[in-house]
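Peer 1: Structure provided below as structure tokens; questions to follow.
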Amino acid sequence: MASFTSAGRLTLITGPSGVGKGSLVKELLQRQPEIWLSVSATTRDPRPQEQEAVDYFFLSRERFNALQQSDGFLEWAEFAGNCYGTPRQPVEEQLSAGRPVLLEIELEGARQVRKSFPEAFQVFLAPPGIEELESRIRGRATDTEEAIQRRLARARIELLAKDEFDAVVVNDDLQIALLELESLMGLSH
Ligand code: ADP
Ligand code: 5GP
Numbered sequence: 000m001a002s003f004t005s006a007g008r009l010t011l012i013t014g015p016s017g018v019g020k021g022s023l024v025k026e027l028l029q030r031q032p033e034i035w036l037s038v039s040a041t042t043r044d045p046r047p048q049e050q051e052a053v054d055y056f057f058l059s060r061e062r063f064n065a066l067q068q069s070d071g072f073l074e075w076a077e078f079a080g081n082c083y084g085t086p087r088q089p090v091e092e093q094l095s096a097g098r099p100v101l102l103e104i105e106l107e108g109a110r111q112v113r114k115s116f117p118e119a120f121q122v123f124l125a126p127p128g129i130e131e132l133e134s135r136i137r138g139r140a141t142d143t144e145e146a147i148q149r150r151l152a153r154a155r156i157e158l159l160a161k162d163e164f165d166a167v168v169v170n171d172d173l174q175i176a177l178l179e180l181e182s183l184m185g186l187s188h
């Protein structure tokens, strides 16, 4: 697929489940309101505080498959038993309008974006250690034991891929990780 030429810059953040991507992105958006965050589609069930069209577009498998087959996703992947995808059209519109666009997605999706948007800036968020990652996933208390085990197994694989990325940020202290990310994105603090 041809790469999409645009005025806005596309930044992508990946990292194992529970590393703090959501927490970091939330703080980044509060400080940098010009950034547009893509809302993904997923077949997973909403967590208690999650809102439709804010956290995700929660879709049935059938609806997700239909969108995928009509080329409606910029990228998509299966993760821990559910499908996740980035709706293509809004991302292209925001980039055309010159807005900085942020994607928060997993590894397979990041690899697809690397092919379709080679100019995108790809950041890997790493935990200070695997034990700390496990305690963050457990501390979030949103997943079943089976889901936790699947996410940890996947985390070990994702961590091996960190050198594929343009930059690695370690999320030990969230505020320090935030400053590092802002610097990497060329944003003022
Ligand atoms: P992700 O979006 O990568 O799955 P979350 O943002 O949901 O991760 O964070 C997972 C858990 O870890 C949450 O309970 C969050 O409050 C906590 N957390 C995030 N960053 C840090 C940090 N730097 N130090 C300690 N706990 C953190
Ligand atoms: P969660 O279920 O914890 O919200 O997300 C699970 C994983 O799916 C996370 O690593 C998250 O970054 C990733 N993810 C969220 N949206 C997308 C998406 O649109 N595409 C891909 N490939 N991964 C996504």
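The letter at position 65 of the sequence shown is residue 64 when you use numbering that gives the first Met the number 0, and the numbering goes up by one with no holes.
Where is the CB? At the ideal position from N, CA and C, for every residue including glycine.
Below 8 Å on the Cβ atoms is my guess for Val24 versus Leu9; work out the distance and round it to an integer in Å.
Peer 2: For the purposes of this step, residue 24 is taken as residue 25 along the sequence shown, with counting starting at 1. For the purposes of this step, residue 9 is taken as residue 10 along the sequence shown, with counting starting at 1. No, Val24 and Leu9 are not in contact; Cβ-Cβ is about 14 Å, not under 8 Å.
Peer 1: Under 8 Å: do the region 124-135 and the region 25-45 share three or more Cβ pairs, one atom per stretch?
Peer 2: The answer is no - the region 25-45 does not touch the region 124-135, with fewer than three Cβ pairs under 8 Å.
Peer 1: Candidates Ala109, Phe164, Arg62, Pro126: which alpha carbon is nearest Phe78's?
Peer 2: Locating residue 78 in the sequence shown gives position 79, where the first residue counts as 1. The shortest Cα separation from Phe78 among Ala109, Phe164, Arg62, Pro126 belongs to Ala109.
Peer 1: Is the beta carbon of Trp201 within less than 7 Å of some heavy atom of the ligand 5GP?
Peer 2: This structure cannot speak to residue 201, because the chain is shown only from 0 to 188.
Peer 1: Could you have a look at Ala1 and say whether DSSP puts it in helix, strand or coil?
Peer 2: Reading the sequence shown from its first residue, position 2 is the one you call residue 1. Residue confidence for Ala1 is low, a pLDDT of 36 falling below 50, so the modelled location carries little weight; the figure read from the coordinates is stated next. If DSSP states are grouped into helix, strand and coil, Ala1 belongs with coil.
Peer 1: Which runs of the beta strand (DSSP E) fall wholly inside the region 15-90 and span at least 3 residues, in chain order?
Peer 2: Fully enclosed beta strand (DSSP E) runs of 3 or longer: 72-78, 81-86.
Peer 1: DSSP on Glu103, reduced to helix/strand/coil?
Peer 2: Numbered from its first residue, the sequence shown carries residue 103 at position 104. Residue state, collapsed to three classes: strand.
Peer 1: Whose C-beta lies closer than 6 Å to the C-beta of Ala166 among residues of the same chain, with five residues either side of it excluded?
Peer 2: The count along the sequence shown starts at 1 and reaches residue 166 at position 167. Only Val122, Leu183 meet the Cβ criterion.
Peer 1: Within 10 Å of its beta-carbon, does Val53 have 16 or more other beta-carbons around it, so buried, or fewer, so exposed?
Peer 2: Here residue 53 refers to the residue found at position 54 of the sequence shown. Answer is exposed; the Cβ neighbour count stays below 16.
Peer 1: To the nearest angstrom, how far is the alpha carbon of His188 from that of Phe120?
Peer 2: Translated into positions along the sequence shown, residue 188 becomes position 189. Translated into positions along the sequence shown, residue 120 becomes position 121. About 19 Å.
Peer 1: In angstroms, rounded to a whole number, what distance separates the CA positions of Asp172 and Gly14?
Peer 2: Translated into the one-based positions of the sequence shown, residue 172 becomes position 173. Translated into the one-based positions of the sequence shown, residue 14 becomes position 15. Approximately 16 Å between the Cα atoms of the pair.
Peer 1: Could you check which residue in Ile12, Leu11, Val18 has the C-alpha nearest to that of Asn170?
Peer 2: Locating residue 170 in the sequence shown gives position 171, counting from the first residue. Ranking the options by Cα distance to Asn170, first place goes to Val18.
Peer 1: What do you reckon, is the C-beta of Asp142 under 7 Å from a heavy atom of the ligand ADP?
Peer 2: Taking the sequence shown and counting its residues from 1, one reaches residue 142 at position 143. Answer for Asp142: no, Cβ out of range of the ligand ADP.
Peer 1: Strictly by DSSP, which residues pair up with Val169?
Peer 2: Along the sequence shown, one-based indexing puts residue 169 at 170. Ala125.
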